[in-house]
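Residue numbers (the working numbering), protein chains in the order written: chain A, 1 to 213; chain R, 1001 to 1115.
First the structure, in the form of structure tokens, and then the observations on it.
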Amino acid sequence: MIRSLVLVLASSLVAAHADLTWDKPIQEFHAVPEDKAITGRYAFKNTGTTPISIKRITTSCGCTSAKLDKKTYAPGESGEIEVKFVFGGRRGAQRKMVSVTSTEKQEWRLDLRCWIQEPLTVSPSLVFWKVGSQHEGKVVKLTAAPGQSVNIRGVKSSNPMFKTTVDTVEPGRQYAVTVTPNDTTQVVSAELVIDTDGPQEKPRNYKVFARVK
Amino acid sequence: MGLWQLKTRKEAALEPGEVRAREAVQWATDKVWVDARSRSRFEHRNIPGAVLLNSEEWDELVPKFLDAWGPDKAVIVYGDRQGDSAQTIAFRLREELKIGNVWVLHGGFDEWSRQ
């Protein structure tokens, strides 16, 4: 008798459970400004034992919109939220969050990460040394976006305390700039300007920050 | 990555990389507070000592942020309660400048104001 009661209680507890399981709640994209927008598709499944209804989908930015075909999903049923991110003038690493709330007040967060590449990607854009550390050179990698060819015309340092050398890894595609401070005994800073020939119609400069701190 | 179950807000209010204001102020390590909101909101009211660094003026404001930053300092980025300004700036600091020890203030400036 008691065993039956426990079983009934247990099964009712299981029956009360409703939940969504996401395939890829964090999605990453690499794009160029000309793409103008990207769309992420976040697939989910109701892995609970009761229907689940989506009450609200909130995006963290006016540049991001979310679309869902219907509101209620039966146990075992799958669905998909389509998230569109329109770049506007945004460049570089971007992160957009989407919050999904059920009528039962459960909440899930979807994460869209997008790197909107310039013609040339600079990584990292900061090189630093601790005061008193060895003043060995640090390398900044320059990589042209797919389908683009960019040549480095030169690198200028705002402070002669930092020396730079440019190595061509792959002409038009990949370069390595080595930055070396003359010494690291004192706090010093510089801005390095990388002068390029691309894009042809409007060649760009890129900044790298160098610090001894 | 396989299936990944997110927890409800009640079970885990903090997202990865977030910190609560009451915890952050107790950290023994030096901190840089970064205000990721618009200039007008920053100038209206901010956390004392915070530096402004937002997406709109990223290129112009990074040098000033770097003046305040140091390799042994924790960086705590805040925005408004709603919106993704803090998440985006923290992401850019990690991804573009490769700075570690970057945190997002849970609840943003609103939560700090309530402390």
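We put the CB at the ideal spot given by N, CA and C, even for glycine.
None of the values given here were measured: they were computed from a predicted structure.
Residues of the region 91 to 121 of chain A in Cβ contact with chain R at a cutoff of 8 Å, in chain order, please. G92, A93, Q94, R95, K96, M97, K105, Q106, E107, W108, R109, R113 and W115
R113(A) by DSSP, collapsed to three states: which one? strand
Classify T168(A) as buried or exposed, calling it buried when 16 or more other Cβ atoms lie within 10 Å of its own Cβ. exposed
Identified DSSP bridge partners for H1044(R): BP columns for H1044(R) are empty, so no partner.
Expressed to the nearest angstrom, what Euclidean distance is found between the alpha-carbon atoms of G1107(R) and V98(A)? 16 Å
Give me the Cα-Cα distance between E1018(R) and A1074(R), rounded to the nearest whole angstrom. 12 Å
Could you tell me which chain A residues have their CB closer than 8 Å to the CB of G1049(R), listed as they occur along the chain? None at all; the shortest Cβ gap to chain A is about 17 Å.
Please look up how many angstroms separate the CB atoms of K1031(R) and A1021(R), rounded, as I've assumed it's under 8 Å. Incorrect: roughly 11 Å between the Cβ atoms, too far for contact.
Does the count of Cβ pairs from the region 61 to 73 of chain A and the region 85 to 104 of chain A closer than 8 Å reach three? yes
Below 9 Å between beta carbons is the criterion; list the residues of the region 1066 to 1087 of chain R that meet it against any residue of chain A, in chain order. L1066, D1067, W1069, G1070, P1071, D1072, Q1082, G1083, D1084, S1085 and Q1087
For L1052(R), name the three-state secondary structure that DSSP assigns. strand
By DSSP, does E28(A) sit in helix, in strand, or in coil? strand
Proximity to Q106(A) [Cα-Cα], best of E191(A), R113(A) and A18(A): A18(A)
Start-to-end residues for the beta strand (DSSP E) that takes in I194(A): V188 to T196
I'd like to know whether the C-beta of R1092(R) is nearer than 8 Å to at least one C-beta of chain A. yes
Apply the 10 Å Cβ neighbour rule to G40(A) and answer buried if 16 or more other Cβ atoms are within range, or exposed otherwise. buried
What residues match up with I1099(R) in a beta bridge as DSSP calls it? In DSSP, I1099(R) forms no bridge with anything.
Taking only beta-carbon atoms, is L1006(R) less than 8 Å away from chain A? Because the pLDDT at L1006(R) is just 48, under 50, the model does not fix this residue reliably, and the value given afterwards should be weighed accordingly. At least one chain A Cβ lies under 8 Å of L1006(R).
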